[in-house]
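Quick note: the sequence shown uses the numbering used here, first residue 6, plus one each step. Just so you know, even glycine gets a beta-carbon here, dropped at the ideal spot from N, CA and C. None of the values given here were measured: they were computed from a predicted structure. Contents: one structure, followed by commentary.
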Amino acid sequence: MKMKRSQGSRSVKKGLFMLLAMIMILSVLSGCGGNGENTGAGQKETAGDSGKADGTAKAEEPLALTLMLPIFKTNYPKDGSPVAAKLEELTNTKIHFEWVPNASYADKFNITLASGKLPDIMYVGDVKASSFVNAARSGAFWEVGPYLKDYPNLSGAKEVILNNSAIDGKNYGIYRGRALGRNGVVFRKDWMEKLGLENPKTVDDFYNMLRAFKEQDPDGNGQADTYGMVLVKWTGQWASGFDTMKLWFGAPNKWGVQEGKLVPEHEYPGYLEALKFMKKLYDEQLINADFAVMDSSKWNDPVVNNKAGVIVDVVDNAARLDDKIHAALQKEGKDEPERHYMDVIGGVSGADGALHTLPTSGFSGMLAIPKSSVKTEEELKRVLTFLDRLNDEDLQTMLNYGIEGVHYKLVDGYIERSSDTVLLESEVEGLNQMLPFIPEDKAKQVKQTPLRLKQTEVQKTNEATIVTNPAEALISAVYTQKGSQLDNVINDARIKFIVGQIDEAGLKSAFEVWRKTGGDELVKEMNELYASGGK
6 MKMKRSQGSR SVKKGLFMLL AMIMILSVLS GCGGNGENTG AGQKETAGDS
56 GKADGTAKAE EPLALTLMLP IFKTNYPKDG SPVAAKLEEL TNTKIHFEWV
106 PNASYADKFN ITLASGKLPD IMYVGDVKAS SFVNAARSGA FWEVGPYLKD
156 YPNLSGAKEV ILNNSAIDGK NYGIYRGRAL GRNGVVFRKD WMEKLGLENP
206 KTVDDFYNML RAFKEQDPDG NGQADTYGMV LVKWTGQWAS GFDTMKLWFG
256 APNKWGVQEG KLVPEHEYPG YLEALKFMKK LYDEQLINAD FAVMDSSKWN
306 DPVVNNKAGV IVDVVDNAAR LDDKIHAALQ KEGKDEPERH YMDVIGGVSG
356 ADGALHTLPT SGFSGMLAIP KSSVKTEEEL KRVLTFLDRL NDEDLQTMLN
406 YGIEGVHYKL VDGYIERSSD TVLLESEVEG LNQMLPFIPE DKAKQVKQTP
456 LRLKQTEVQK TNEATIVTNP AEALISAVYT QKGSQLDNVI NDARIKFIVG
506 QIDEAGLKSA FEVWRKTGGD ELVKEMNELY ASGGK
């Protein structure tokens with residue numbers, strides 16, 4: 006009996022010894038895993054955001070993100086659709102999209118802001134709008150400027166664009182980078198060729214082109230069913246048709262300078278001349294009669310569907326329109342693959358014989374991060390890691406063009422998109438609205454056709470003729486409080502003038518209303534800021 010107890014005791018001791026040995030081995034292995042020699046996941050998590058002092062990398066739960074973004078189509082990618090799902094996989098996220106029609110985005114933005122129920126990432130279309138400025142100053146959004154240096158892509162943000170997008174010298178979001186000379190005129194090249202027209206060089210040429218597109222049956226169907234130019238209700242600051250065209254008549258870009266003083270654009274004679282021109286186009290049915298209510302998601306449709314020939318917008322829209330026309334013709338078996346159906350110019354010269362181009366501010370809105378939904382610095386860093394990752398080449402390519410083999414194929418290193426427009430709209434288009442393009446656009450490109458090469462050339466050439474806004478970086482307290490109301494006075498008046506609801510006297514009366522409802526205060530304050538260098 007004693008012999009048996011002794012053997013049992015030895016067995017227990019041996020088992021305890023082996024257990025202790027295993028624990029020690031696991032401890033050593035665990036220490037090796039956290040000693041900084043793992044330069045992959047460990048480094049990525051530290052930079053992006055676990056915030057752990059020892060740099061240990063451990064699997065995190067997917068980051069739940071809600072993104073509120075504008076959409077230009079009635080069809081768009083749904084949560085969990087193929088490209089969105091791939092994005093979640095590559096960024097360890099779970100994403101819900103709140104898509105808002107672009108034409109009504111400003112209204113929805115203000116309603117959402119007032120509700121207090123904000124997404125994790127919120128597109129801000131007008132960084133200087135009073136609603137956003139007030140919210141930023143009150144601490145509703147994270148100031149991201151001090152964090153940018155910690156991220157490989159975001160640290161490459163351009164100083165001039167950071168300045169243009171700042172509020173009181175602080176950056177309350179990640180800007181979406183854009184080419185400075187991006188605006189211009191796109192038009193049907195095939196219609197021009199059929200009618201024997203040359204590209205317009207002056208305002209008169211431009212008018213004659215629109216008139217020919219209405220009167221000379223450019224689509225050749227024998228019916229009077231075409232018109233010149235498509236306009237939409239969006240007054241998108243730097244990309245609406247009127248805001249581009251007013252410069253052709255000598256109006257400034259929002260503010261002009263006379264004798265060292267800032268003067269609002271609508272008080273310049275050129276602004277009135279531009280409105281008279283727009284009224285003429287409306288009266289002669291050279292633009293769509295429903296422009297004041299037309300949603301910008303349908304902006305391209307009349308051009309693709311052979312109803313209108315011109316859009317004044319960003320020049321890179323020419324190639325997108327060209328692709329859509331090719332796709333439509335291919336379905337009908339009428340496509341000519343080597344032919345371009347669209348063309349592009351930077352603009353036309355006015356009475357002074359010079360070109361005047363509306364620039365972007367180097368960015369198109371920003372992606373802001375509300376503190377009410379992203380509550381801690383640790384959460385903020387994870388969101389910034391996500392936004393930083395979006396700037397890598399693979400994600401820029403995917404969010405622009407989709408998944409290789411499904412939405413596009415690579416031919417000699419270039420993107421060749423699917424001709425299935427429904428597939429692209431439902432799974433890809435719109436996702437690029439979340440791309441910051443910082444420090445630059447690194448995505449793979451579609452083949453550089455003559456049209457795309459011309460677009461790039463026009464954008465570069467435009468930089469020499471841009472009309473800058475001298476008050477770009479100024480933040481006005483008056484505008485912060487009354488900006489939306491003041492803008493609405495002017496926008497409503499110019500629409501009513503164009504459609505004939507008010508005459509020139511009525512227009513000038515509206516300008517006086519603008520003065521009395523805060524405009525005088527705004528002009529005074531803006532000039533004080535301008536004289537002091539914005540301080």
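DSSP three-state assignment for residue 172, whether helix, strand or coil: strand
Length of the line joining the Cα atoms of residue 494 and residue 318: 24 Å
Looking at residue 251: is its Cβ nearer than 8 Å to the Cβ of residue 276? yes
Contact set for residue 379: own chain, Cβ-Cβ below 6 Å, skip 5 residues either direction: 125, 385, 388
Alpha helix (DSSP H) runs contained entirely in the region 87-134, provided each spans 4 or more residues: 87-96, 110-120
If you draw a straight line from the C-alpha of residue 176 to the C-alpha of residue 123, how long is it? 19 Å
So, are the CB atoms of residue 487 and residue 435 less than 8 Å apart? no
With a CB to CB cut of under 8 Å and the five nearest residues on each side skipped, what residues in its chain are close to residue 412? 88, 406, 422, 423, 428, 429, 432, 433
Measuring CB to CB, does residue 372 end up less than 8 Å from residue 181? yes
Taking the Cβ atom as the reference point for each residue, do residue 420 and residue 376 lie within a distance shorter than 8 Å? no
Which residues mark the beginning and the end of the alpha helix (DSSP H) in which residue 383 is found? 382-394
Report the option in 356, 168, 324, 309 whose CA atom is closest to the CA atom of residue 334. 309
When you compare each of 426, 204, 396 to residue 158 by their alpha carbons, which one comes out closest? 396
Would you list the residues sitting across from residue 197 in a DSSP beta bridge? Answer by DSSP bridge pairing: none, since residue 197 is not bridged.
Suppose the cutoff is 7 Å on Cβ atoms and the five residues either side in sequence are ignored; what does the same chain contact list for residue 287 look like? 503, 504
Would you list the residues sitting across from residue 550 in a DSSP beta bridge? Because the chain is modelled from 6 through 540, residue 550 falls outside the range shown and cannot be assessed.
Between the Cα of residue 296 and those of 234, 355, 253, spot the shortest distance and give me the residue it belongs to. 234
Just the Cα atoms here: how many angstroms apart are residue 150 and residue 394? 17 Å
Residue 373 bridges to which residues according to DSSP? 127
My guess is that residue 360 and residue 354 are in contact by the Cβ rule of under 8 Å, so how many angstroms apart are they, rounded? 5 Å
DSSP three-state assignment for residue 280, whether helix, strand or coil: helix
Residue 260 in three-state terms, based on DSSP: strand
Can you check DSSP and say which residues form a bridge with residue 419? 416
Look at the alpha carbon of residue 153 and the alpha carbon of residue 391, and state the distance between them as a whole number of angstroms. 13 Å
From the DSSP output, read off the bridge partner residues of residue 368. 182
Which residue's Cα is closest to the Cα of residue 114: 537, 442, 130, 328? 130
Relative to the C-alpha of residue 289, which residue among 82, 218, 100, 531 is closest? 218
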